[in-house]
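Each residue of the sequence shown is one higher than the last, beginning at 197 in the working numbering.
Worksheet for the structure shown next.
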Amino acid sequence: MHTDRMELGEVYNTYHSRFIKCATSIVHDESRAMDVVQDAYVKALEHLPTYRGDASLATWLQRIVINAALSSIRKSTAKTCDNLEWIAGNAIDSQREVELQEFANAFESARANLPPRYAIIFSLRYEEGLSPPEIAQIHGCTTMAVKQVIIHARH
């Protein structure tokens, strides 16, 4: 086993630049590729007892480097997706807030320009969410009269 660690160290030192190039070609960032190769070497040391010798030690370590680089890309992509979803969610929330504020301003402006009776009916309909028959019952008038006031108040 000690010999295997030494052999792995020799392979790592001999092929280090090749592993960096391989990882860089996957992650497109040399600094990140160096981290990937370092992580791959640590994984290789941890899994050295499971090395069966089916392939050369260099090939085995290169495969670990490739898998580590791909794993790094997947993690990065997942974080990017989470960030994009958060940004998109916040953008949607911000846009919704702007729309609600614009609606509130338009509502206040419209209500301020109405006669008091119309303003009350308008508020009951759009702020309280009451139906025309409910408003008619409160005001002691017909549903048709409430509808007409609502139509007039909108324009």
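Glycine is no exception: its CB is placed at the ideal position from the N, C-alpha and C atoms.
DSSP state of A254 mapped onto helix, strand, coil
Position 58 of the sequence shown holds residue 254. Correct three-state label for A254: helix.
With a threshold of 8 Å, are at least 3 pairs of Cβ atoms found where one atom belongs to the stretch 241-249 and the other to the stretch 288-302?
no
Option in L257, E242 and D225 with minimal Cα separation from N209:
Taking the first residue of the sequence shown as 1, we reach residue 209 at position 13. Ranking the options by Cα distance to N209, first place goes to L257.
Which listed residue (H335, I334, E203 and F299) has its alpha carbon closest to that of A240:
To locate residue 240, count along the sequence shown from 1; it is residue 44. When only C-alpha atoms are compared, the closest one is E203.
Given a cut-off of 9 Å, decide if V261 and A236 are closer than it, judged by their beta-carbon atoms.
For the purposes of this step, residue 236 is taken as residue 40 along the sequence shown, with counting starting at 1. For the purposes of this step, residue 261 is taken as residue 65 along the sequence shown, with counting starting at 1. Cβ atoms of A236 and V261: closer than 9 Å.
DSSP on C337, reduced to helix/strand/coil?
For the purposes of this step, residue 337 is taken as residue 141 along the sequence shown, with counting starting at 1. Taken through DSSP and simplified to helix, strand or coil, C337 comes out as coil.
Which value, in whole angstroms, describes the spacing of the CA atoms of Y322 and G336?
As a first step, residue 322 is located in the sequence shown; it is residue number 126 there, counting from the start. As a first step, residue 336 is located in the sequence shown; it is residue number 140 there, counting from the start. Their backbone Cα atoms lie some 19 Å apart in a straight line.
To the nearest angstrom, report how far apart S227 and S213 are at their CA atoms.
If you number the sequence shown from 1, residue 227 lands on position 31. If you number the sequence shown from 1, residue 213 lands on position 17. Between S227 and S213, the C-alpha separation is close to 13 Å.
I'd like to check one pair, A300 with A264: are the Cβ atoms closer than 9 Å?
As a working mapping, residue 264 is identified with position 68 in the sequence shown. As a working mapping, residue 300 is identified with position 104 in the sequence shown. Not closer than 9 Å, so no.
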